[in-house]
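Asks: Structure incoming, see below.
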Amino acid sequence: MSEAPVTESDLQAYADGRLDPQRRQAVEAWLAARPEEAERIADYRKLAETLRGAYDPVYAEALPRRFGRTRAPWRRFASAAGWMTLGILIGALAGWELRETRSTLAPSADVGTLMARRAAVAHATYSPEVRHPVEVGADQEAHLVAWLSKRLGSPVRAPKLEDVGYSLVGGRLLPGDNGPVAHFMYQCSRGTRVTLYVRTDVAGNRETAFRYAEEGKVRVFYWVDRKLGYALSSGDISKDDLFKVANAVYQQLNP
Amino acid sequence: MNEAQRLVDLIPRLRRYARALVGDRATADDLVQDTLERAWAKLHLYRRGTDLRAWLFTVMHNVHVNRVRATRPTDLIDDEMPELAQRAAQGDALMVRDLDRSIARLPEEQRAVLLLVTLEELSYEEVARTLDVPIGTVMSRLSRAREKLRAMMLGQSAASAKLKLVK
Numbered sequence: 001m002s003e004a005p006v007t008e009s010d011l012q013a014y015a016d017g018r019l020d021p022q023r024r025q026a027v028e029a030w031l032a033a034r035p036e037e038a039e040r041i042a043d044y045r046k047l048a049e050t051l052r053g054a055y056d057p058v059y060a061e062a063l064p065r066r067f068g069r070t071r072a073p074w075r076r077f078a079s080a081a082g083w084m085t086l087g088i089l090i091g092a093l094a095g096w097e098l099r100e101t102r103s104t105l106a107p108s109a110d111v112g113t114l115m116a117r118r119a120a121v122a123h124a125t126y127s128p129e130v131r132h133p134v135e136v137g138a139d140q141e142a143h144l145v146a147w148l149s150k151r152l153g154s155p156v157r158a159p160k161l162e163d164v165g166y167s168l169v170g171g172r173l174l175p176g177d178n179g180p181v182a183h184f185m186y187q188c189s190r191g192t193r194v195t196l197y198v199r200t201d202v203a204g205n206r207e208t209a210f211r212y213a214e215e216g217k218v219r220v221f222y223w224v225d226r227k228l229g230y231a232l233s234s235g236d237i238s239k240d241d242l243f244k245v246a247n248a249v250y251q252q253l254n255p
Numbered sequence: 256m257n258e259a260q261r262l263v264d265l266i267p268r269l270r271r272y273a274r275a276l277v278g279d280r281a282t283a284d285d286l287v288q289d290t291l292e293r294a295w296a297k298l299h300l301y302r303r304g305t306d307l308r309a310w311l312f313t314v315m316h317n318v319h320v321n322r323v324r325a326t327r328p329t330d331l332i333d334d335e336m337p338e339l340a341q342r343a344a345q346g347d348a349l350m351v352r353d354l355d356r357s358i359a360r361l362p363e364e365q366r367a368v369l370l371l372v373t374l375e376e377l378s379y380e381e382v383a384r385t386l387d388v389p390i391g392t393v394m395s396r397l398s399r400a401r402e403k404l405r406a407m408m409l410g411q412s413a414a415s416a417k418l419k420l421v422k
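These protein sequence lines map, in sequence, to chains A and B. Quick note: the first sequence uses the numbering used here, first residue 1, plus one each step. Quick note: the second sequence uses the numbering used here, first residue 256, plus one each step.
Right under this line is the structure:
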């Protein structure tokens, strides 16, 4: 039986189970006489199994939403259209803002309406984001809440809204009129998003009832509760549905 | 079935490979997304009848190499972050994390070969085509990657065995 000498490539292919039966036998015979090499190759096989065991679960994972509707040409168009709408919306709001600034002498713009407007802009900016909707994802919720609480200088919480059909996507830090603002994003199973804008330093430490505003296409419920001001925004759900979510937020934060 | 649909069907495979390649979920999914976008734009370059999966891995490999080159500096925000609450780590998760870390410490080109062979079970020829290197290079990178990974894993278990003895 004249065989070609066993090479390192043969050993690799043997570890991968890719040798034809004849060659395999030759390698097995070779390994039988070399226990250390046999152990090394056995370790390679174990490693491959470990590797597959570790990453196969990814294969079985439900696809994240961003891959859920990968009709790319359509999506690209939709996203361009989305950005255009957003541009128009921001333009409109900015125009409004300008008009607002010019008339600040009038005592009309109280903290609440200003907050609602800021929240609507933040919603319009971040909720269409596919790639980077949040800075810190819900998988690091404890970290997210600790971080935002630290930056706001006041404990904030991300309410759990599963009961009304929304789960936390994550959150980010935003600049506000009086310092940092916490911005949480939620999403329902259909992909509709609502965002919760939380600011500190609301004048007067008071409490208000829910108030409602529409800024462009964005609906906002906002209220003040002690030191924090809240604004819940959505561009896609009805006022009634948004009210239900706002209620759930309030209940959660005031158990 | 057209390429578009087959491409979508291959997303789970791309995600699995990307996760092993870059480690964390968000970065891996970003890589998959960039790969898909690139693949859409270049679909006319794909030759019908050849293996779409291998072609996609080629696209992903190129995207990945470009990203690695472009994104060396990491964000400084971490300095500002409060301590992370430690999640309870199960034994299993710990081992997978060690594996993640060990894989991450492999040189880029060895890691790609190892993962394409063991995880994706591409043939050595396909790996050579995907990475555009001779098959001899594939074999030597595979051998080196395995030996390094084995040494790291053995080192870890030796270290933890020592810990047990010391206590």
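Where a beta carbon is used, it is the ideal one built from N, C-alpha and C, also for glycine.
1. Taking 8 Å as the cut-off, decide whether the C-beta atoms of residue 131(A) and residue 260(B) are in contact.
2. According to DSSP, simplified to helix, strand and coil, what is residue 232(A)?
3. When you compare only the Cα positions, how much space is there between residue 198(A) and residue 118(A)?
4. Using a Cβ-Cβ cutoff of less than 6 Å, which residues in the same chain neighbour residue 252(A) once the five nearest sequence positions on both sides are dropped?
5. Name, going along the chain, the residues of the segment 6 to 26 of chain A whose beta-carbon falls closer than 7 Å to a beta-carbon of chain B.
6. Along the chain, which unbroken stretches of the alpha helix (DSSP H) at least 4 residues long are found entirely within the segment 1 to 29 of chain A?
7. Jot down the residue ranges of each uninterrupted alpha helix (DSSP H) in the segment 131 to 172 of chain A, minimum 4 residues, whole runs only, in chain order.
8. Have a look at residue 385(B) and residue 314(B) and give me their C-alpha separation to the nearest angstrom.
9. Taking only beta carbons into account, state which residues of the segment 274 to 293 of chain B come closer than 9 Å to chain A, listed in chain order.
10. Can you tell me which of the three DSSP states residue 397(B) falls into?
11. For residue 167(A) and residue 180(A), I'd like the C-alpha separation in whole angstroms.
12. Here's a check: name, in chain order, each residue in its chain whose Cβ is nearer than 6 Å to the Cβ of residue 282(B), leaving out the five neighbours to either side.
13. Exposed or buried, what is residue 212(A) when buried is set at 16 or more other beta-carbons lying within 10 Å of its beta-carbon?
14. Kindly indicate if chain B contains any beta-carbon less than 8 Å away from that of residue 77(A).
15. With DSSP collapsed to three states, give me the class of residue 302(B).
16. So what does DSSP say about residue 99(A), is it helix, strand or coil?
17. Pair every Cβ in the segment 372 to 382 of chain B with every Cβ in the segment 392 to 403 of chain B, then say whether three or more of these pairs are closer than 8 Å.
18. Under 8 Å Cβ-Cβ, which residues of chain A neighbour residue 372(B)?
19. Please report the distance separating the alpha-carbon of residue 264(B) from that of residue 312(B).
20. Using a cut-off of 9 Å between C-beta atoms, extract the partners of residue 389(B) located in chain A.
21. In three-state DSSP terms, what is residue 289(B)?
22. Helix, strand or coil for residue 220(A), going by three-state DSSP, please let me know.
23. DSSP beta-bridge partners for residue 195(A)?
24. Quickly, what does DSSP pair residue 176(A) with across the bridge? List them, please.
25. Would you tell me roughly how many angstroms separate the C-alpha atoms of residue 46(A) and residue 364(B), rounded to the nearest one?
26. List the residues of chain A that residue 271(B) touches, going by C-beta distances under 8 Å, in chain order.
27. I believe residue 164(A) touches residue 138(A) by the beta-carbon criterion, under 8 Å. Please report the beta-carbon distance rounded to the nearest angstrom.
28. With distances taken Cα to Cα, identify the nearest neighbour of residue 156(A) among 129(A), 184(A), 134(A).
29. Out of 239(A), 54(A), 147(A), 14(A), point me to the one whose CA is closest to residue 37(A)'s CA.
30. Out of curiosity, what's the CA-to-CA distance linking residue 11(A) and residue 309(B)?
31. Show which residues of chain A have a CB atom less than 8 Å away from the CB atom of residue 404(B).
32. Can you find a CB in chain A that lies within less than 8 Å of the CB of residue 408(B)?
33. State the Cα-Cα distance for the pair residue 128(A) and residue 41(A), rounded to the nearest angstrom.
34. Counting only beta-carbon atoms, is residue 307(B) nearer than 8 Å to chain A?
35. What does residue 311(B) reach in chain A if we use C-beta pairs closer than 8 Å?
36. Could you tell me which chain B residues have their CB closer than 7 Å to the CB of residue 137(A), listed as they occur along the chain?
Replies: Concretely, from the data shown:
1. As a position in the first sequence, residue 131(A) is number 131, starting the count at 1. As a position in the second sequence, residue 260(B) is number 5, starting the count at 1. Going by C-beta atoms, residue 131(A) is not nearer than 8 Å to residue 260(B).
2. Stepping through the first sequence from its first residue, residue 232(A) is reached at position 232. Three-state result, residue 232(A): strand.
3. Working through the first sequence from its first residue, we reach residue 198(A) at position 198. Working through the first sequence from its first residue, we reach residue 118(A) at position 118. Rounded to the nearest angstrom, the two C-alpha atoms are 11 Å apart.
4. Position 252 of the first sequence holds residue 252(A). Around residue 252(A): 159.
5. 8, 9, 12, 16
6. 8 to 15
7. For the segment 131 to 172 of chain A, whole alpha helix (DSSP H) runs of length 4 or above, ordered along the chain, are 141 to 152.
8. Taking the second sequence and counting its residues from 1, the one referred to as residue 385(B) is at position 130. Taking the second sequence and counting its residues from 1, the one referred to as residue 314(B) is at position 59. In a straight line, the C-alpha of residue 385(B) is about 8 Å away from that of residue 314(B).
9. Residues 274, 275, 280, 281, 283, 284, 285, 287, 288, 291, 292.
10. Translated into positions along the second sequence, residue 397(B) becomes position 142. Three-state result, residue 397(B): helix.
11. The residue given as residue 167(A) occupies position 167 in the first sequence. The residue given as residue 180(A) occupies position 180 in the first sequence. If I take the Cα positions, the gap works out to 24 Å.
12. Locating residue 282(B) in the second sequence gives position 27, where the first residue counts as 1. The beta carbon of residue 282(B) sits closer than 6 Å to no other beta carbon from its chain once the five residues preceding and following it are set aside.
13. By 1-based counting over the first sequence, the position of residue 212(A) is 212. It is exposed - the Cβ of residue 212(A) has fewer than 16 other Cβ atoms within 10 Å.
14. Residue mapping note: residue 77(A) aligns to position 77 of the first sequence, counting from 1. Confidence at residue 77(A) is low in this model, with a pLDDT of 46, below 50, so the placement of that residue is unreliable and no value is reported for it.
15. Taking the second sequence and counting its residues from 1, one reaches residue 302(B) at position 47. Residue 302(B) falls in the coil class under three-state DSSP.
16. The residue labelled residue 99(A) in the question sits at position 99 within the first sequence. With a pLDDT of only 42 at residue 99(A), under 50, the local geometry of the prediction cannot be trusted, and no value is derived from it.
17. yes
18. Within the second sequence, numbered from 1, the residue matching residue 372(B) stands at position 117. Here the neighbours are 16.
19. Translated into the one-based positions of the second sequence, residue 264(B) becomes position 9. Translated into the one-based positions of the second sequence, residue 312(B) becomes position 57. Distance from the CA atom of residue 264(B) to the CA atom of residue 312(B), rounded to whole angstroms, is 14 Å.
20. Taking the first residue of the second sequence as position 1, residue 389(B) is located at position 134. By Cβ distance, chain A contributes nothing, its closest Cβ being about 12 Å from residue 389(B), past 9 Å.
21. Residue numbering aside, residue 289(B) sits at position 34 when the second sequence is read from its first letter. If DSSP states are grouped into helix, strand and coil, residue 289(B) belongs with the helices.
22. Counted from its first residue, the first sequence places residue 220(A) at position 220. Strand at residue 220(A).
23. Within the first sequence, residue 195(A) is the residue found at index 195, counting from 1. Paired residues: 185(A), 233(A).
24. Taking the first sequence and counting its residues from 1, one reaches residue 176(A) at position 176. Residue 176(A) is bridged to 179(A).
25. As a working note, residue 46(A) is residue 46 in the first sequence. As a working note, residue 364(B) is residue 109 in the second sequence. Looking at the two C-alpha atoms, the distance is approximately 22 Å.
26. The residue given as residue 271(B) occupies position 16 in the second sequence. Within chain A, the residues placing a beta-carbon under 8 Å from that of residue 271(B) are 55, 56, 58, 59, ordered along the chain.
27. Counting from 1 along the first sequence, the entry for residue 164(A) is found at position 164. Counting from 1 along the first sequence, the entry for residue 138(A) is found at position 138. Residue 164(A) to residue 138(A), Cβ: 16 Å. No contact.
28. The count along the first sequence starts at 1 and reaches residue 156(A) at position 156. For residue 156(A), the closest C-alpha among the options 129(A), 184(A), 134(A) is that of 184(A).
29. Mapped onto the first sequence, residue 37(A) falls at position 37. It is 14(A).
30. Mapped onto the first sequence, residue 11(A) falls at position 11. Mapped onto the second sequence, residue 309(B) falls at position 54. When rounded, the distance between both Cα atoms is 24 Å.
31. To locate residue 404(B), count along the second sequence from 1; it is residue 149. By Cβ distance, chain A contributes 47.
32. For the purposes of this step, residue 408(B) is taken as the residue at position 153 of the second sequence. Residue 408(B) counts as touching chain A.
33. Translated into the one-based positions of the first sequence, residue 128(A) becomes position 128. Translated into the one-based positions of the first sequence, residue 41(A) becomes position 41. Each residue's alpha carbon lies about 51 Å from the other.
34. Residue 307(B) sits at position 52 when you count from the first residue of the second sequence. False, the Cβ-Cβ gap to chain A never drops below 8 Å.
35. Taking the second sequence and counting its residues from 1, one reaches residue 311(B) at position 56. Neighbours of residue 311(B) on chain A: none; closest Cβ ~13 Å, over 8 Å.
36. Translated into the one-based positions of the first sequence, residue 137(A) becomes position 137. Those are 281, listed as they occur along chain B.
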